[in-house]
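For reference, the structure is listed below as structure tokens.
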Amino acid sequence: MARYNPKVVEPKWRAAWEAAGVFRTRSPEEACGKPKYYVLEMFPYPSGRIHVGHMRNYAMGDLVARFKRARGYNVLHPMGWDAFGLPAENAARERGVHPADWTYANIDAMREQLQGLGLSIDWSREFATCDPGYYRHQQKWFLDLWRRGLAYRKEGTVNWDPVDETVLANEQVIDGRGWRSGAPVEKRKLTQWFLRITDYADDLLEGLKTLDRWPDKVRLMQENWIGKSRGLKLRWAFAGKAAEGLEEGLEVYTTRPDTLYGASFLAIAPDHPLATQLAAADSKVAAFVDTCRQGGVSEAELEAGEKLGYDTGLKVAHPFDADWTLPVWIANFVLMDYGTGAIFGCPAHDQRDLDFARKYGLPVRPVVLPSGADAETFSVGKEAYAGPGRIFNSQFMDGLEVEPAKAAAIARVEAQGQGEGATVYRLRDWGIARQRYWGAPVPIIHCPKCGPVAVPDDQLPVELPKDVRFDQSGNPLANHPTWKHVNCPGCGGTAERETDTLDTFVDSSWYFARFADPKAAAPIGKAAADYWLPVDQYIGGIEHAVLHLLYSRFVTRALNDDGLLSVDEPFAGLFTQGMVTHETYRRQSGEWVEPGQVEVIADGAARRALMLGSGEPLVIGDIEKMSKSKKNTYSPETIAETYGVDAARLFVMSDSPPERDVQWTNGGIEGAWRFVHRVWNEFDSQPSSEPVVGGAADAKAEELRRATHRLIKSFTEALEGFRFNSGIARLYEFLNILRGLPAEGATPGALAARAEALSALARLIAPVTPHLAEECWARIGGEGLVAQAPWPEYDPTLAAEDVVILPVQVNGKRRAEIRVAPGTLPAEVEKLVLADPEVIRRLEGLEVRKVIVVKDRIVNIVAL
RNA sequence: GCCCCAGUGGCGAAAUGGUAGACGCGGCAGACUCAAAAUCUGUUGUCCGCAAGGACGUGUUGGUUCGAGUCCGACCUGGGGCACCA
């Protein structure tokens, strides 16, 4: 018996797969009517090395790909590189390497590492988003969107990352900080490129309902991010002299028109046009507006921000009572880019309005009465009442519940011609331009005469210049001496190229469609895309819930409207996998220590960590996401070197549910390693003597057959349901049964049962431990490669239990059990149970009131 | 503040409203070995008991049910998302 050696076995089978071209994608014609299945893992950023997190992500996708292939699907499982982005420029600045050289070198290194994992990927479809052959198509469809008005330029307040020196989209600002740099984001006024994602706000929201194979959590996050609200846009006429340009009145948006009789002031944003107008005429207003801006430099500072207001002296008339005038304030808590940039304040029923009113001595008038409260005595103190109730103090709305009152108020305002019911979204347009070099250039030329002009089709791609310097501040592309100076394609006069590049999230918002036909002359090969899309199973981290996953949905819709695509939704199924974590260790001095230098000793139930070699005691810290800074990482190569790729793949799949974080532990990988060896030993063992003839062993053979078919059933169901950890537990269970009936000394019947078991087992483990599966398959003389073998089928009769053990409860406590054939009718079971000696003993002195029999499950006797 | 999700042995975790703790790790005991490692066998929720056996047990608390880890209400703790969004 040869000890299983993954270092020899694994490369051998990778070469065999390669030679046989097993993972080459079959065209629809070659597929011979097989259904298609497109499985995709979020493609990696080529940072230089793969980590254990990548390994888990790609092992999961590979499991699905191999499983579906065996189940008779024509599978597309490609790989590429999300290759533009700032780290390449930082490397250029720090080490003097060109971003392109750095990126392509990383890609080469990571490709080799990924190939070492034995992934069933069709590498012939590989591309990187920084290939001019990729981004030329992106530039082409960008121009299509621009011509349709979906891409546009406007001056606006943008998020500025002072460290990365670039603009960020709203989705890239997390807790007021840049998603990559972590620096507090500043507000700046800039002319920026945007994609009109807001045009699709309602489509994107409605589409979520069709995504029944997405996690609820992600759908909910997108729903909240889009933030649809229904309310009323209402113009308030000025009492006395109207502000210039606002003769129609000042428009506010509200979701609570039912509280209009509780209004006590209007407030506008500091950057509202009216505020700007007043500031120009009055230095005191200008000073206040300035104060607000300073206070709002970073979003993080806003959190603690106190409410500030300035009374403009202007008055407006209440829409339902022309004699009732209200003051107009400028307030720092009103946002210009939501609704109309102006609100009416109803302090009694909105906390912010209440804080503001208390500070500036404005009236607080309750108009919603909570049930059980008394209209005479109800008042609002420090807490606004935002709950349900009956409207009072409100003339025509008195006595109505909140919802009917809203409808009544909207109807009245509409009848008066002062406004209309409106739907407002929280979602903002997507700012896509970055003031950086390493991205796809925006293919626009600015001409002093013609304005912005598209780069003609035959001049695409607009390629990045190779000779750039990174030793100056600002955008290296803008600093380039010649690149931007061109002639206008329209009039031929001198003009300048746009020097902004596209956000890398644009690159990743359509790559899945390019994979359908990566060599297509058009951005998307229509026929291939119609065949392969949508992606049947997409796998990646939840951190993209409102970034990549929302952008891709939007771009898919936009390209569909452009005629490039036929689907609305890019990803029919989504799975968000958890991270890989590890314990952290530090010295008494606080320095982090790599796990490779640590020895952990079990001390009874407690555990102690020592430094290898010196024996210095270490502090065991929290379990955290593997990261370089905490040094709690293992390299996949080291792991593969020690245990082989299969054991590592098995472990990351087996120890936790795939959506949850998995903790990398030595014990865990050791357990997986043991499993690999035990499986191999079963395949490798040959009886040393002739089969033994005997009756008792044949009963065990029957048991093994049943276990085999039960395993096929339960393991298949577990994989279908993404319950990989439970499925693998079934494999372990089965192996324990198989080991209980060794080949040595077995009867002919038992040997036949073993042969059947091994044939099934080799195919079942193939998606998880593909190299081991091939070796086992070859050992038992399986036909061809197991990677091409069909999935085993189970016999439902054998997979079903032949005897069920029914627990018998008396008053809900388990007291006995009986064995019956499956499907035994309740009346029969009741008779058997009541005749059972143990049950009779238990019921002594009690009177049976009721017997509940749940078929094939349980019996419960209620007795007093 | 609002919205989600999760709390089960020493640890990772299983469990269509029906025997809680499958499977793995760790521990304990044993076999093999000159010895160790590896491997193999047994055992391992807690408490009482020599044992047979019994009692308790899924964050806390109340409820629905013949029966609740699972369903409903309140609370506690941890995690995530959004956050002056009118």
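Using this note's numbering, you'd call the opening residue of the first sequence number 523 and step up by one each time.
Glycine included, every Cβ here is placed at the ideal spot set by N, Cα and C.
No experiment lies behind these values; they were computed from the predicted model shown.
Discussion item. On the criterion of 16 or more Cβ atoms from any shown chain inside 10 Å, does C554 qualify as buried, or is it exposed?
Written reply: exposed
Worksheet entry | Straight-line gap, G767 to T798 (C-alpha atoms, nearest Å) | 12 Å
Discussion item. Restricting to Cα atoms, I'd like to know which of E687, I1061, A801 and L999 is closest to A765.
Written reply: A801
Worksheet item: Which residues in the same chain have their Cβ closer than 7 Å to the Cβ of R1079, if we skip the five residues on either side of it in sequence?
Response: Y722, D725 and D1090
Discussion item. Can you tell me which residues form a DSSP beta bridge with H794?
Written reply: Partner(s): none; H794 has no beta bridge.
Worksheet item: Are the CB atoms of T834 and W851 nearer to each other than 8 Å?
Response: yes
Worksheet entry | For W682, the first and last residue of its enclosing beta strand (DSSP E) | A673 to D683
Worksheet item: Is the beta carbon of V586 sitting closer than 8 Å to the one on A955?
Response: no
Worksheet item: What separation, rounded to the nearest whole angstrom, lies between the Cα atoms of A761 and L796?
Response: 16 Å
Fill in: Cross-strand partners of Y559 (DSSP beta bridge)
V597
Discussion item. Restricting to Cα atoms, I'd like to know which of M601, V561 and M577 is closest to R591.
Written reply: V561
Worksheet item: Smallest Cα separation from Q714: which of G594, R699, D951 and P1056?
Response: D951
Worksheet item: With a CB to CB cut of under 8 Å and the five nearest residues on each side skipped, what residues in its chain are close to K829?
Response: A853, N854, F855, R874, D877, F878 and K881
Worksheet item: At which residues does the alpha helix (DSSP H) containing C1298 begin and terminate?
Response: P1292 to R1301
Worksheet item: Given E1352, which residues of its chain have a CB within under 7 Å of its CB, disregarding the five upstream and five downstream residues?
Response: V1373 and V1375
Discussion item. Tell me which residues share the same chain as I643 and place their Cβ nearer than 7 Å to its Cβ, disregarding the 5 neighbours each side in the sequence.
Written reply: F545, H599, P600 and M601
Worksheet item: Where T777 and P869 are concerned, what is the direct C-alpha to C-alpha distance, given to the nearest angstrom?
Response: 14 Å
Practice prompt. May I have the straight-line CA-CA distance separating E825 from L836, to the nearest angstrom?
Written response: Since pLDDT at E825 reaches only 46, below the 50 mark, its modelled position is unreliable, and no value is offered.
Worksheet entry | Range of the contiguous beta strand (DSSP E) that encloses Y775 | L772 to T776
Fill in: Distance between D1177 and V1184 (C-alpha atoms, nearest Å)
7 Å
Worksheet item: Between the C-alpha atoms of L1320 and R1336, what's the straight-line distance to the nearest angstrom?
Response: 29 Å
Worksheet item: I think G1100 touches R1182, with their Cβ atoms under 8 Å apart; what is that distance to the nearest whole Å?
Response: 4 Å
Worksheet item: Going by C-alpha distance, which of E1278, P1344, C1298 and A1035 is nearest W663?
Response: A1035
Worksheet item: For the beta strand (DSSP E) that contains H968, what are its first and last residues?
Response: I966 to C969
Worksheet item: Taking buried to mean at least 16 other C-beta atoms within 10 Å of its own C-beta, is C652 buried or exposed?
Response: buried
Worksheet entry | Which of helix, strand or coil DSSP assigns to P1139 | strand
Worksheet item: For F1093, which of helix, strand or coil comes out of DSSP?
Response: strand
Item to complete: For E1146, name the three-state secondary structure that DSSP assigns.
Response: strand
Worksheet item: Ordered along the chain, which non-local residues of its own chain (more than five positions away) have a Cβ less than 6 Å from that of V1102?
Response: V574, G575, R578, M1148, V1184 and W1186
Worksheet item: Which of helix, strand or coil does DSSP assign to G699?
Response: What sits at residue 699 in the sequence shown is Arg, not Gly. Residue state, collapsed to three classes: strand.
Worksheet item: Around the Cβ of S470, are there at least 16 other Cβ atoms within 10 angstroms (buried) or fewer (exposed)?
Response: Any answer about residue 470 is impossible in this case: the structure gives the chain only from 523 up to 1386.
Worksheet entry | Residues of its chain near P1289, where Cβ-Cβ distance is below 6 Å and the 5 sequence neighbours each way are ignored | L585, R588 and F589
Worksheet item: Counting pairs of Cβ atoms below 8 Å between the segment 1156-1170 and the segment 1230-1247, do you hit three or more?
Response: no
Worksheet item: In whole angstroms, what is the alpha-carbon distance linking E532 and Q635?
Response: 14 Å
Worksheet item: So what's S475 in DSSP terms, helix, strand or just coil?
Response: Absent from the structure is residue 475, since the part of the chain shown begins at 523 and ends at 1386.
Discussion item. Less than 7 Å between C-beta atoms, sequence neighbours within five positions excluded: which residues of the same chain meet that for Y580?
Written reply: E563, L636, L639 and L641
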